[in-house]
Structure formats: C-alpha cells, structure tokens
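Report on the following structure.
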Amino acid sequence: MTRKSKIGKQEFIEVVQNYYRHNNKILALIDKFNHSYIAADALSWCLRSPFPSRFINHSLHSRNMEQLNFCRFLINDASHFLQQQPKHKTSTQFYRGMKLSSELVEKFVKNTGGLICTSWFLVCTKSRTAALTAASSPIYRPDLIPVLFKIDCDSTTPYFEQSKNVSPSIIVFDACTAFRILYVSQDQMVIVKMKIATDDGRKVARDYKEKHGSIAIETLLDQLVEPSKARILKQPLEHPIKNKGIQ
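Just so you know, this note's numbering puts 30 at position 32 of the sequence shown, and the rest follows in order with no gaps.
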C-alpha cells in the first residue's frame, strides 16, 4: 500500500491544524470537523467556508499537489456521494451568476464550441433571478464583469439538489464535470450558454488516464488545460450564490 492511499482524515487534520495554528477561529472549526465528519457529509463540508473550502480552493488554485494529496479523501468522498445520487427524470436548465475578468470572458468567446472542465464542485441554482442578483451584486473590484451562465443539463448527469431550508434550491455538479460552450452573448450582460458534455468529458479523462495510467484527480485537473483537451475554468467557486444551506 502506498503512502498516498494511506492518507485519510487524521493526516488531513494534522496538516490543517499546523497550517492554521495561529487562527483560533479556524482551529475551532477543525476540531468540529474532526469530531463530526462522516463520509456522507463530505460534499456539505467541501462547500463550507471558511473551512475547509478556502484551504482546498487555495491548494487547487496554487496547484499545491502536496496539500491536495491530504484533501484527497474528502474530495473522493464528496465525489462518490454525488455519483450515488438518483437519476433525474427530465432535462433542465440551471443558472450561475458571478463576476469575471474581461480576459476570462474573452477566453470563453475564443473557445466557443470547445470543452471546459471545472476544477471544483460547481454550485448553481434553478432560479434565474437569484443568479442575476449574484451577477449584478456590487463588489470592491469594478474591473470585473457580471456574467450569467445558462447550463443545459440532461437527465443522465448526476448532481445534488439541496432544497431543504433553502430557497431557491442549490444544485451541485461533481468536480471535473465537462461542459461544452455553446455561445457567448455580450449585450447588457454577458451570457454564457453551456451544456453538459458528459460523454466528451469522460472520453477526455479516459484518454488521459489510458496514456498516463493511474493518476490523482487533482493531477488530471491540472493536465487537462492542454489546448487539445478540455479547458479548466480557474475562477474561484466560493459563494456563487448564497449557499449557506449546504451545511
């Protein structure tokens, strides 16, 4: 058995306790995680801010593979939970409102027709109004542009819907879900229309794994940025909408 396969919750706890050793607030959250975590709650924990979502997102965006390796058990548990969700009966459309830089918007324009792959769990909503509100909300960076994502989802794609005590309900897609960019409209608000590209995304991941053998999902996410592969959306995924209900 390799060292990577042995890394679990206890090793993760030791790492984050050292990382946040001067932050009593986060240390209290780590203690709560240590005493209450179960695999069935992994997705809920992954989306909680400030801990552990900020630690994991920082590790992803900085491509700190050593830190990500300690998060592996949590990401795997959350992904397994999502894959076990019951199949949905109909296709539907979800929304996500956020702010993006003009450079990133231009990348979406240039890659229209191509694939992108999120580097983390993608949180959306059924409510177009809620997504528009999130996209239009004032922020401290006037250089960012409001963007509304419209995502067509077929009935075969697994996702988690959190509706209890949450209005509107929250939709969560698995990490490394592939999307095809259908078009980008740049009128009063930038609108990016996408659809789930499940078969294409699986082929990209399968081809890479066949070429490189067994590989961590984190490494796969980093390598998929090659021009011939799916693009990775590197925008932070915290607070796209008010997601406090997933706790």
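Yeah, the Cβ is synthetic: ideal placement off N, Cα and C, and Gly gets one too.
- Query: How many angstroms separate the CA atom of Asp103 from the CA atom of Asn62?
  - Reply: Looking up residue 103 in the sequence shown gives position 105. Looking up residue 62 in the sequence shown gives position 64. Correcting the residue identity first, residue 103 is Val in this sequence and not Asp. Roughly 26 Å between the two C-alpha positions.
- Message: With a threshold of 7 Å on Cβ separation, who are the neighbours of Gly6 within its own chain once the five nearest residues in sequence on each side are excluded?
- Response: Here the question's residue 6 lines up with position 8 in the sequence shown. If we look at Gly6 and ignore the five residues flanking it on each side, its Cβ neighbours are Phe71.
- Under three-state DSSP, which class holds Gln82? The residue you call residue 82 lines up with position 84 of the sequence shown. Coil at Gln82, not helix or strand.
- Note the first and the last residue of the continuous alpha helix (DSSP H) segment covering Lys124. Position 126 of the sequence shown, counting from 1, holds the residue named residue 124. From DSSP, Lys124 is part of no alpha helix (DSSP H); its letter is neither H nor E.
- Assess, as a yes-or-no matter, whether the stretch 72 to 89 is touched by the stretch 135 to 148 under the definition of 3 or more beta carbon pairs within less than 8 Å. They do not touch, by the three-pair rule.
- Task: Name, in chain order, the residues that DSSP records as bridge partners for Cys151.
- Result: Sequence index remark: in the sequence shown, residue 151 carries index 153 (1-based). Cys151 pairs with Thr90.
- Cα-Cα separation, Ser117 to Phe53: Residue numbering aside, residue 117 sits at position 119 when the sequence shown is read from its first letter. Residue numbering aside, residue 53 sits at position 55 when the sequence shown is read from its first letter. Looking at the two C-alpha atoms, the distance is approximately 14 Å.
- Task: With distances taken Cα to Cα, identify the nearest neighbour of Ser51 among Ser165, Tyr181, Ile24.
- Result: Here residue 51 refers to the residue found at position 53 when the sequence shown is read from its first residue. Out of Ser165, Tyr181, Ile24, Ile24 has the C-alpha closest to the C-alpha of Ser51.
- Given Thr90 as reference, the closest of Leu180, Ile143, Phe10, Lys124 once Cα atoms are compared: In the sequence shown, counting from the first residue as 1, residue 90 sits at position 92. For the residues Leu180, Ile143, Phe10, Lys124, the minimum Cα distance to Thr90 belongs to Lys124.
- Message: The alpha helix (DSSP H) that contains Ser183, what's its start and end?
- Response: The sequence position of residue 183 within the sequence shown is 185, counting from 1. Taken as a continuous stretch (DSSP letters only), Ser183 belongs to no alpha helix (DSSP H), being part of the beta strand (DSSP E) at 176 to 184.
- Bounding residues of the beta strand (DSSP E) (the contiguous stretch that carries Leu113): Residue mapping note: residue 113 aligns to position 115 of the sequence shown, counting from 1. First-last of the beta strand (DSSP E) with Leu113: 113 to 116.
- Query: Is the distance from the Cβ of Leu146 to the Cβ of Ala133 below 8 Å?
  - Reply: Taking the sequence shown and counting its residues from 1, the one referred to as residue 146 is at position 148. Taking the sequence shown and counting its residues from 1, the one referred to as residue 133 is at position 135. Contact flag set, yes.
- Terminal residues of the alpha helix (DSSP H) in which Phe171 lies: Taking the sequence shown and counting its residues from 1, the one referred to as residue 171 is at position 173. First-last for Phe171: 168 to 171, but that is the beta strand (DSSP E), not the alpha helix (DSSP H).
- Query: Which of helix, strand or coil does DSSP assign to Met187?
  - Reply: Here residue 187 refers to the residue found at position 189 when the sequence shown is read from its first residue. Correct three-state label for Met187: coil.
- Query: Just how far apart, CA to CA, sit Gly95 and Lys191?
  - Reply: To locate residue 95, count along the sequence shown from 1; it is residue 97. To locate residue 191, count along the sequence shown from 1; it is residue 193. Going from the Cα of Gly95 to the Cα of Lys191 covers about 12 Å.
- What is the DSSP secondary structure of Phe49, counted as helix, strand or coil? For the purposes of this step, residue 49 is taken as residue 51 along the sequence shown, with counting starting at 1. DSSP places Phe49 in coil when its eight states are reduced to three.
- Task: If I'm right that Ser100 touches Ile149 with Cβ under 8 Å, what's the distance once you round it to whole angstroms?
- Result: On the sequence shown, position 102 is the one that residue 100 refers to. On the sequence shown, position 151 is the one that residue 149 refers to. Incorrect: roughly 22 Å between the Cβ atoms, too far for contact.
- To the nearest whole angstrom, what separates the beta carbons of Leu66 and Ser57, a pair I think is in contact under 8 Å? The residue given as residue 66 occupies position 68 in the sequence shown. The residue given as residue 57 occupies position 59 in the sequence shown. Yes, Leu66 and Ser57 are in contact; Cβ-Cβ is about 5 Å, under 8 Å.
- Query: How about Asp167 and Ser161: are their beta carbons less than 8 Å apart?
  - Reply: Here the question's residue 167 lines up with position 169 in the sequence shown. Here the question's residue 161 lines up with position 163 in the sequence shown. It should be pointed out that residue 167 corresponds to Ser in this sequence rather than to Asp. Yes, the pair counts as a contact, with Cβ atoms nearer than the cut-off.
- Task: With DSSP collapsed to three states, give me the class of Ile5.
- Result: Stepping through the sequence shown from its first residue, residue 5 is reached at position 7. Correct three-state label for Ile5: coil.
- Task: Work out the CA separation of Val182 and Asn21 for me, nearest whole Å.
- Result: Reading the sequence shown from its first residue, position 23 is the one you call residue 21. Reading the sequence shown from its first residue, position 184 is the one you call residue 182. Distance between the alpha carbons of Asn21 and Val182 is about 42 Å.
- Query: Leaving out the 5 sequence neighbours to the left and right, which residues in its chain are closer than 8 Å to Asn32 when beta-carbon positions are compared?
  - Reply: As a working note, residue 32 is residue 34 in the sequence shown. For Asn32, where only same-chain residues beyond five positions count, the Cβ hits under 8 Å are Lys7, Ile11.
- Task: Leaving out five residues on either side along the sequence, give the residues of the same chain with a beta carbon under 7 Å from the beta carbon of Arg1.
- Result: Here residue 1 refers to the residue found at position 3 when the sequence shown is read from its first residue. Residue placement at Arg1 cannot be trusted, given a pLDDT of 45 that sits under 50; the coordinates are not used to answer.
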